Every structure is written in C-alpha cells, then in structure tokens.
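Structure first, then comments.
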Amino acid sequence: MFDLGNSLRDARARQGLDYPQVELATKIRAKYIRALEDEAFELLPSETYVKGFLRSYAEYLGLDGQLYVDEYTSRYGSERWHDETPRRARVHQHRGLERKVVLVALAGIAALTALVIVAWKFGGGNSSNGLPPTLTTRSTPKARKAPRKSVLQLRGIRTGSYVEVHRASATGKLVLAATIGPGDAQRIVGTRFWLYIKRSGNVRVTLGGRTVSLPARKNLRVLVTPTRTALTGA
Numbered sequence: 011m012f013d014l015g016n017s018l019r020d021a022r023a024r025q026g027l028d029y030p031q032v033e034l035a036t037k038i039r040a041k042y043i044r045a046l047e048d049e050a051f052e053l054l055p056s057e058t059y060v061k062g063f064l065r066s067y068a069e070y071l072g073l074d075g076q077l078y079v080d081e082y083t084s085r086y087g088s089e090r091w092h093d094e095t096p097r098r099a100r101v102h103q104h105r106g107l108e109r110k111v112v113l114v115a116l117a118g119i120a121a122l123t124a125l126v127i128v129a130w131k132f133g134g135g136n137s138s139n140g141l142p143p144t145l146t147t148r149s150t151p152k153a154r155k156a157p158r159k160s161v162l163q164l165r166g167i168r169t170g171s172y173v174e175v176h177r178a179s180a181t182g183k184l185v186l187a188a189t190i191g192p193g194d195a196q197r198i199v200g201t202r203f204w205l206y207i208k209r210s211g212n213v214r215v216t217l218g219g220r221t222v223s224l225p226a227r228k229n230l231r232v233l234v235t236p237t238r239t240a241l242t243g244a
C-alpha cells in the first residue's frame, strides 16, 4: 500500500510541472488534478472518471498507471458509488416517463396530420377552390470543407537542440533526425509521434496548432498525440 495523492504530487514537483501545464498536456481539468493529489475522489463525477484520470495522470508523470488504478480499487472499491445507485435508478425512471409522454405527443400529432390530409383530399382540395398549389424548393447542399491535416511543428528557441522524430512509437519510422537551431522550424504531417529531444527547454512543440507542454529536461523521450502527452522510457 502506498500514498496515492502524495506520490503523484511528489512526481509532479520533481519534474517542475505546474497545474496549467498538466491540464494542457493531459486534458484533465486542474481542479480534478488537485482532487487526485488530495485523494478527494468524491469531487470527481464517477468512479470511471477517477480510474481514467488516475491512469492518464500517472502515465503522464512516467509512473505505472495500472498500479495506481489497482491501488485505488483495493482501497476504495465502489463504496462511494453504491449510494448513488438508487438515485440513478430514479433518474432512469423519470427519463422513461418522459419518453412515453413524447411518444404519445408524437402519435397525437401524426393522427392530426392524417386527419388534415384526408379532409383535404376528400373535401375538394383541388385547384378550383382558389388556393395556389404548394411549391417545394430544394436547398442546394453546402460544399463540405476538406478536413485540416494535423501538423507537428518543432521550432528552435534559445540555442536550439538535437531532435529525433518517429511515427507512432519509438520503433516507428524515423521521419526526422536533425539539430533545430534558434528560429528554425520543422513541420511533419501526422497525429501520433514519438520524440527524443536532447534539450527540451530549447524547442517549442505544437501539434495541430496546440502547444505541447513538455517538462524541461535533458534527453527527453515522449509520446505526443492530439489527446495526450506521455513520458516514455525509450
């Protein structure tokens, strides 16, 4: 057994990361990051969120995410969420009643529409009654915009740094191995990359136009996707 919250907080502090950086990289709101570190799990929406956020946050810090999920399950289980089961059942009952009301209303509208059509067809609904025919216009479909391609951009700042980029994983295809000087930029189309950056503080990284928050350290190895940024060992 180990202290879930303090171990996460200590790992973040060792890497010099603040809450906005973690929120940007993991897409987990800062208030939930604090709740995980304080073990205030009741502040999260559900047990599924607790386990998912624990795994993502731990892996982002270079820790074993499954270990944290197992420790949470062994210590807390589903005690908190049992109390919410009757409440959810009542919510489902209310929603079922609402669906029935909507279906009855739709059936009534359909019946009324049918009566109007019958009355029009058999009540002299022709051109002699002086009413102009109804014209139906067809709207022109809008042209679909071509989806924007996601682009990884690496721009050298300060003194620049040596960088290697592989697609998908550390064993994926090598697409870049170069020193990016100050002011230089490299762009690669794609959504999932494994990066090795000799001095991460000297390179600014964006993916799909969004800044990728990286801890400032030497020989950084990290997996970058549009939804997450995770440290890797190799």
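Residue numbers for the sequence shown follow this note's numbering, so the first one is 11 and each next one is one higher.
Don't be surprised by glycine CBs; every beta carbon is placed ideally from N, CA and C.
All of these numbers come straight from a predicted model, not from anything done at the bench.
Could you please give me the residues that DSSP links to residue i through a beta bridge?
i	result
Q163	R197 and T216
I127	Beta-bridge pairing links I127 to no other residue.
L71	Beta-bridge pairing links L71 to no other residue.
F203	R177 and V234
L184	H176
T189	Y172
T221	T216
R209	K228
According to the Cβ coordinates, are residue i and residue j closer than 8 Å?
i	j	result
L2	A21	Any property of residue 2 remains undetermined from this structure, which presents the chain solely from 11 to 244.
R220	G200	no
T36	Y67	yes
L46	F63	yes
V215	S171	no
G26	A226	yes
L186	I198	yes
F12	E57	no
E69	A240	yes
L54	Y42	yes
What are the boundary residues of the beta strand (DSSP E) that includes residue i?
i	result
E174	S171 to R177
L241	T239 to L241
L230	K228 to V234
Please identify the residue among the options whose C-alpha is closest to the C-alpha of residue i.
i	options	result
I167	A188, E174, R209 and I198	R209
Y59	V79, A124, E69 and L73	V79
G182	Q196, T189, Y206 and G191	Y206
T235	I38, V32, F203 and P55	F203
K228	V173, K110, L73 and R109	V173
G243	V222, Q196 and A180	A180
P30	L224, V232 and R105	L224
S160	I38, A117 and T237	T237
S84	P192, L125 and K61	K61
I need the boundaries of the alpha helix (DSSP H) containing residue i, first residue and last residue.
i	result
T36	Y29 to T36
G15	L14 to R24
E47	A40 to E47
Roughly how far, in whole angstroms, is the beta-carbon of residue i from the beta-carbon of residue j, given that I think they are within contact range, below 8 Å?
i	j	result
L217	L162	5 Å
L164	Q196	5 Å
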